[in-house]
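Top to bottom, those sequences are chains A, B and C. Here the first sequence stands for residues 350 to 654, numbered as in our numbering. Here the second sequence stands for residues 1061 to 1501, numbered as in our numbering. Here the third sequence stands for residues 2 to 278, numbered as in our numbering. Here's the structure we're looking at; comments come further down.
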Amino acid sequence: MDYFAQQLINGLVLGSIYGLIAIGYTMVYGIVGMINFAHGDIFMIGGFIALITFLILVSFGLTAIPLILLVVLLVSMAITALYGWTVERIAYRPLRHSFRLAPMLSAIGMSFVLTNYSQIVQGARVKPVPPIITGGYTLHEGSGGFVVQLSNIQIVVVITTVVLLALFTWLVSRTRLGRDMRACEQDQTMAALVGVDVDRTISMTFVIGAALAAVAGMMYLLYYGQVDFNMGFVAGIKAFTAAVLGGIGSLPGAMLGGLAIGLIETLWSAYFSVEYKDVAAFSILIVVLIFLPTGLLGRPEVEKV
Amino acid sequence: MSANPAAPKQASRGPGAAFIFKKALISALVALVLFSLMLGVRTEAGSDGQLTYWTRFGDLAAMVATVFGGSIVMELLRQWWGPVGTIRAVPPKVTSALALAGRGVAPLLLIFTFLVPVIFYNERYILDLGILVLTYVMLGWGLNVVVGLAGLLDLGYVAFYAVGAYSYALLATNFGLSFWVCLPLAGILAAFWGVLLGFPVLRLRGDYLAIVTLAFGEIIRLVIINWQSLTGGPNGVSGIPRPTLFGIPLSPGDDGLAAMLGIEFSPTHRIVFLFYLILALALLTNWVTIRLRRLPIGRAWEALREDEVACRALGINTTTTKLTAFATGAMFGGFAGAFFATRQGFISPESFTFQESALVLAIVVLGGMGSQLGVALAALSMIGGFELFRGFDQYRMLVFGMAMVLLMIWRPRGLIGHRAPTVFLERNQAISSDLVKEGHG
Amino acid sequence: MSGEHILSVDHLTMRFGGIVAVNDLSFGAERRQITALIGPNGAGKTTVFNCITGFYKPTAGGMRLTHDDGHSIQLERLNDFRISKQARVARTFQNIRLFPGMTALENLMVAQHNALMRASGLTLLGLLGVPSWRVAEKQAIDLARTWLVRIGLLDRADDAAGNLPYGDQRRLEIARAMCTEPALLCLDEPAAGLNARESAALSELLLAIRTEQGTSILLIEHDMSVVMEISDHVVVMDYGVKIAEGTPQQVRDDPKVIAAYLGADEEEAIAVMESGT
């Protein structure tokens, strides 16, 4: 039972990270109807930027952890957001009126570019960092000697996720930008006709998605203590699975899906096999798309003839 | 931006220069921010495991300068050529003339291919390259059935390649079956997997179908890596027997083909044999595809791509139509996989990554979805292009990615800009790609 | 009654969530006759079509198709392509759905898919080039040619369907539907976007189909001149229910119908009519 509780905690933390990435997928799909294949690699870039910023700050002699983390968060969000903006401008905007296949292939190409860019400029080896946030709380000492722990880093991840989610929900429902986004999701032409700057709104969607992915990257770095240039590919597919599971186009769905995927992956590794945990995640994607294509919180679509 | 050709160029270059300069400056600034940390700082794990870093401001400055200059060049080109999306109306006569000329290219190319081992007999490198190109041509023609003809977005084609390769490898090493027996078995197994994987996903639309097929491809690769007892895991399968000419081995011994023909043995014989083998397999793929296109099933594939709803309204069982496309494409992928295994003598999961699927898909799209000649030319240019990067392996995928982006922006319909009809009353006229749908439209 | 009806719609209801698009609709389409389904926009006509042709599954009610030999099929039990293949119901679409990247001839060949698949022995015989296949293929081309002549597009047989002018595309879509040799032909606004001359040609074509092919026709149409000229029977819908049914003349003079189209009251319509317009 204690083992299960620990896995539950671990799964929810991992799920929060997936959820942050999944939001980016679901927002972009909702507004331009494309799967941003490069989004997973934006997450990877976010992790790298966080790593480098952290390294520089530490080498300058900064020791105040909260200050360091805040600076790292802001810097990686800002720079990664710019990456997201640039990718959209270069690879997707010119193709907005092209046929369906074009943005997807362009996105795949961009994914390769980002992965290999990272490999070239930072080397192919994994980048480890010593644990930055240490310590935690012992929740329960079981009779079998197993200790259920909640580490500080896990608390940080969850709190950051909750805060960002609240901020983001406020953004979408209360601000003008959020309203413009929802309008573009419904009908781009009409939104343009009533004065919404569609290009800018779409750009901002990518920017926000990238910023959230950056946070996920930083959380990943803190939690697992390493980044590598390949981490975007598999994480991206899992996060997309989360977005689909939650209902593509639904923001709470993306987070819900993320938590679900995190839980499933953690429990599977704990109780079945670690090697096949990725297979489990991919299989969920297939199962969901076949049996529940609108996801948990999505709206069913009626085919128009 | 309708330009008055009579207006003096001076007047348009004035404000134009400031505009270009501003744009270049913004691009350079963006580049500066983007590359500041990733390029300007280099991290590496030291010998003690600790992560250290050093700065590369020189490289950063060079990059920013390149972006600045490149941006200026791009703007000048854009003003000179017109916007990317400008439709240059090609009169139908020109399209038909090009199509006619195109019809001459194919036979010439074929004759040249037949003669390659004769011309380049002593250049092992060229022969190997030729075999590699032909393998991808065959894969491209196989995937073309699924993506180009039927319009089904398959991002996991490498799965069938892997099934074919591992089928032959395991059957040959465990049961000692010859290549010629295993070849059809590999195709059947791959086709079977095609149906199995295709069946659940048929209802899915374009993007979703793509990502599910990608997931399938990855699952197959992960299963191969982890099911060590069956597939040998990451170590792969080695000692795969080389093909024989219907039982006669191509070896130096007395029972070898060389001895039988009374000529001196040379290792080149095997390479030449492999070359003609893959050429034969590829030509088989081509012939079957062309014939199928003229049969109702092939026409149904193309109709499916054009408008699936209309197909249903005409009484066509879209489910079985899609499945046959999947199975046929998978079968050819399986054949290619079996050939790959016998050519290498050793296979491992590393050869069957998503990048391979993306590469074959890029070949099909570059070729102009549905065009046999286009796919062949695309394979030639892509694989040939890759070879040029022999010394710069790291940059290969980077350039490939950029090429995909540029290709989609510049020429999304591919090299061959037209489709040939499968039946005609009077005139066999090519249909411009602008009219042809890409599937799931 | 049902003996004369090729299509009998009984208490058809279609609900989308909270919206009732079609409410307890019943009518019959007679054999070898042209039945028109008319009504203001949003009346539910295309929804009825989509139910009949298998694109929607009705919430309640049934549609019975009875062939010449007396064999009848409940359409709501078939889905998808089987409606065309087994029930022999063909349709055209409001927004033309041709295969734009294929020639006019190819479009008509695709329509004969099922017959050709049988003849090609599920492709195998075709692959081998067996003579019986060649004969079947030639017959299919001949049938396509006949239809191309009938719709006046023989000289454009090898042109891409997407390149044809709008009016030609409409007629090609009808010809394509006819190449499936249906018992019931359902046309969704075939005259939409056609000028007077083209509408007249369309009317001629549909009358010829009814008389020479013996195919029963069910059509949705807004163009009253076409409806009045060719229909044998008219069914009027508004807000998902049938409000009138009869010959074109009867329907034209029905105050309920006039009120529906004008958006006015029935009493007002009667008043206007009686004031001697």
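Note that beta-carbon positions come from the ideal geometry of N, C-alpha and C, so glycine has one too.
- Taking 7 Å as the threshold, the shortest C-beta distance from B/Gly1389 to chain C does not fall below it.
- For A/Asn579, no chain B residue has a Cβ inside 7 Å of its Cβ, as the nearest lies near 11 Å away.
- For A/Phe392, the enclosing alpha helix (DSSP H) stretches over residues 388-408.
- By the Cβ test, the segment 396-403 of chain A is in contact with the segment 1099-1117 of chain B, since at least three Cβ pairs between them sit closer than 8 Å.
- When beta bridges are read from the DSSP output, B/Gln1415 appears opposite no residue.
- Contacts between A/Lys476 and chain B, judged by CB atoms closer than 9 Å, involve Thr1103, Glu1104, Ala1105, Leu1111 in chain order.
- Nearest CB-CB separation between B/Phe1446 and chain C: not below the 7 Å threshold.
- Taking the C-beta atoms as reference points, B/Val1272 is found nearer than 7 Å to B/Val1261.
- Taking CB atoms only, C/Met118 has a neighbour in chain B less than 7 Å away.
- Judged by DSSP secondary structure, A/Gln498 falls within the beta strand (DSSP E) whose first and last residues are 496-500.
- C/Leu125 is outside the set of residues whose beta carbon lies under 7 Å from a beta carbon in chain B.
- Against chain B, a Cβ distance below 8 Å from A/Ile401 picks out Leu1097, Met1098, Val1101, Thr1103, Tyr1113.
- A straight-line Cα-Cα distance of about 18 Å links C/Asn96 and C/Ile53.
- Only Ala1360, Glu1362, Ala1363, Glu1366, Asp1367, Val1369, Ala1370, Arg1372, Ala1373, Leu1374, Gly1375, Ile1376, Asn1377, Thr1378 from the segment 1360-1380 of chain B bring a Cβ to less than 7 Å from some Cβ of chain C.
- Residues of the segment 378-410 of chain A with a C-beta less than 9 Å from any C-beta of chain B: Tyr378, Gly382, Met383, Ile384, Phe386, Ile394, Phe397, Ile398, Leu400, Ile401, Thr402, Leu404, Ile405, Ser408, listed in chain order.
- The way I'd put it, the segment 1332-1340 of chain B doesn't touch the segment 83-95 of chain C; fewer than three beta-carbon pairs between them come closer than 8 Å.
- Under the Cβ criterion of 7 Å, C/Arg98 is counted among the residues facing chain B.
- Residues are counted here when their Cβ sits less than 8 Å from a Cβ of chain C; for the segment 1473-1486 of chain B these are Arg1479, Pro1481, Thr1482, Val1483, Phe1484, Leu1485, Glu1486, given in chain order.
- DSSP, read as helix, strand or coil, puts B/Asn1346 in helix.
- Rounded to the nearest angstrom, the gap between the Cα atoms of C/Leu219 and B/Val1205 is 38 Å.
- With respect to chain C, the C-beta atom of B/Val1255 has no partner C-beta closer than 7 Å.
- Secondary structure at B/Cys1242: helix, using DSSP grouped into helix, strand and coil.
- Per DSSP, reduced to three states, the secondary structure at B/Arg1456 is helical.
- Closest in C-alpha terms to B/Gln1415, from the list A/Phe495, A/Ser408, A/Val407, A/Asn465, comes A/Asn465.
- With at least 16 other beta carbons inside 10 angstroms of its own, A/Tyr441 counts as buried.
- Counting only residues of its own chain and dropping the five nearest sequence neighbours on each side, A/Gly458 has a CB closer than 8 Å to the CB of Ala440.
- Interface flag for B/Val1465 against chain A is set, since a Cβ pair is found closer than 7 Å.
- For C/Asp189, the uninterrupted beta strand (DSSP E) run begins and ends at 185-189, by DSSP.
- If you ignore the 5 residues before and after B/Arg1116, its C-beta comes within less than 8 Å of the C-beta of Leu1099, Gly1100, Val1101, Arg1102, all in its own chain and listed in chain order.
- B/Leu1264 has a beta carbon lying at 7 Å or more from every beta carbon in chain C.
- With 16 or more neighbouring CB atoms inside 10 Å of its own CB, A/Val377 falls in the buried class.
- At a cut-off of 7 Å, the C-beta of B/Lys1497 has a neighbouring C-beta in chain C.
- Closer than 7 Å to the CB of B/Gly1129 there is not a single CB belonging to chain A.
- Residue pairing by DSSP places A/Gln575 opposite A/Pro477 in a beta bridge.
- About 7 Å separates the Cβ atoms of A/Phe578 and A/Gln471, confirming a contact at the 8 Å cut-off.
- The shortest C-alpha to C-alpha distance from A/Asp546 to any of A/Met530, A/Ser522, A/Ala559, A/Ser467 is the one to A/Met530.
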